[in-house]
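According to our numbering, the stretch in the sequence shown is residues 190 to 337, in order. Take a look at the structure set out below.
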Amino acid sequence: MGASKRIAILTGGGDVPGLNAVIKSVVYRATEAGYTSVGIRRGWEGLTHLRPGGEPDSDYLRPLDRANTRTIERTGGTILHTSRTNPRRMHGAGLPAWMDESERSKYAVGDDTYDLTPRVLDNLRDLGIDVLVTIGGDDTLSYSQVLV
Numbered sequence: 190m191g192a193s194k195r196i197a198i199l200t201g202g203g204d205v206p207g208l209n210a211v212i213k214s215v216v217y218r219a220t221e222a223g224y225t226s227v228g229i230r231r232g233w234e235g236l237t238h239l240r241p242g243g244e245p246d247s248d249y250l251r252p253l254d255r256a257n258t259r260t261i262e263r264t265g266g267t268i269l270h271t272s273r274t275n276p277r278r279m280h281g282a283g284l285p286a287w288m289d290e291s292e293r294s295k296y297a298v299g300d301d302t303y304d305l306t307p308r309v310l311d312n313l314r315d316l317g318i319d320v321l322v323t324i325g326g327d328d329t330l331s332y333s334q335v336l337v
């Protein structure tokens, strides 16, 4: 049998009721389909701030399974936390602390504006993500479309 497929889940935008219920449903269905699940913490920030080629960062990654999502729908908000980060429109103050000036220059698209889409794609590849499920509003979902 081949290697297990891996699904990542992230929540972006503001906290609204039902996010944890959606996370739980995705994890349960993914498990039934033979996928392993990982949560990306703090929305798109999690995929922009992970260090390239480094150890998996527990600040931004959380393994998800039936056991640790069994009762999450009883809690408000999202267990993955959220942010309003848009990787296509990041400002210098919002960039990862590990990113030095030469690294920043790779992503510059304007005066203090950066597009970290290549970093997001690299992190998804490095994490072995086969499927990305994004849960959120217009900004979160419209950025998802950029990755297609």
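Yeah, the Cβ is synthetic: ideal placement off N, Cα and C, and Gly gets one too. Given the structure is predicted, the values throughout are model-derived calculations rather than measurements.
Identified DSSP bridge partners for residue i
i	result
Ile-324	Thr-200
Arg-195	Thr-225
Met-279	Tyr-303
Leu-208	Beta-bridge pairing links Leu-208 to no other residue.
Pro-252	Val-227
Ala-297	Tyr-303
Terminal residues of the alpha helix (DSSP H) in which residue i lies
i	result
Glu-247	Correcting the residue identity first, residue 247 is Ser in this sequence and not Glu. No alpha helix (DSSP H) contains Ser-247, which DSSP labels as neither H nor E.
Leu-236	233 to 238
Arg-293	290 to 294
Ala-256	255 to 258
Nearest-angstrom beta carbon gap, residue j and residue i [assumed within contact, 8 Å]
i	j	result
Leu-253	Val-211	Not quite, the Cβ-Cβ distance comes to about 12 Å (not below 8 Å), so this is no contact.
Asp-319	Ile-196	7 Å
Ser-193	Thr-225	5 Å
Thr-220	Thr-271	Not a contact, Cβ separation roughly 23 Å.
Val-216	Thr-258	5 Å
Nearest-angstrom Cα separation, counted from residue j out to residue i
i	j	result
Arg-308	Gly-232	14 Å
Met-279	Gln-334	17 Å
Gly-281	Gly-235	16 Å
Thr-329	Ala-222	25 Å
Lys-295	Ile-324	29 Å
Met-190	Ile-229	Reliability fails at Met-190, whose pLDDT of 47 lies under 50, so the model's placement of it is uncertain and no value is given.
Leu-250	Val-298	28 Å
Ser-331	Pro-276	11 Å
Leu-316	Leu-208	23 Å
Asp-301	Gly-326	25 Å
Ala-286	Gly-266	27 Å
Arg-255	Arg-218	10 Å
Leu-336	Val-322	12 Å
Heavy atom of the ligand FAD within 8 Å of residue i beta-carbon
i	result
Arg-195	With respect to the ligand FAD, the structure shown offers nothing to examine, as it has no ligands at all.
Interface flag, residue i vs chain B, CB-CB below 9 Å
i	result
Gln-334	Absent from the structure: chain B. Only one protein chain is present.
Touch test, the stretch 279 to 297 against the stretch 254 to 262, Cβ-Cβ under 8 Å, three pairs minimum: No: fewer than three Cβ pairs fall under 8 Å.
Cβ contact (3+ pairs, closer than 8 Å) linking the stretch 301 to 312 and the stretch 231 to 242: The stretch 301 to 312 vs the stretch 231 to 242: in contact.
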